[in-house]
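Counting from 1, position 33 in the sequence shown corresponds to residue 33 in this note's numbering; the numbering is continuous, with no gaps. Virtual Cβ for every residue (Gly too), placed ideally from N, Cα, C. Notes follow the structure.
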Amino acid sequence: MENSLEDNTFLKIINMKPNIFITLSENVITKNL
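So this is what it looks like as C-alpha cells:
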C-alpha cells in the first residue's frame, strides 16, 4: 500500500514538473526583459 502511494505521488510530481519548469522559465524571461 505504501509503495503504491509513493509511486502515485512520484508520478504526480513528474506530471507537475513540466508545468512548474515552464512557469519558472517564463518568470526568468520576463525578469530579463
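Rounded separation between residue i and residue j - CA only
i, j, result
"PHE21", "ILE29", "12 Å"
"ILE14", "SER4", "15 Å"
"GLU6", "LYS12", "10 Å"
"PHE10", "ASN27", "25 Å"
"ASN8", "LEU24", "24 Å"
"LYS31", "ASN19", "18 Å"
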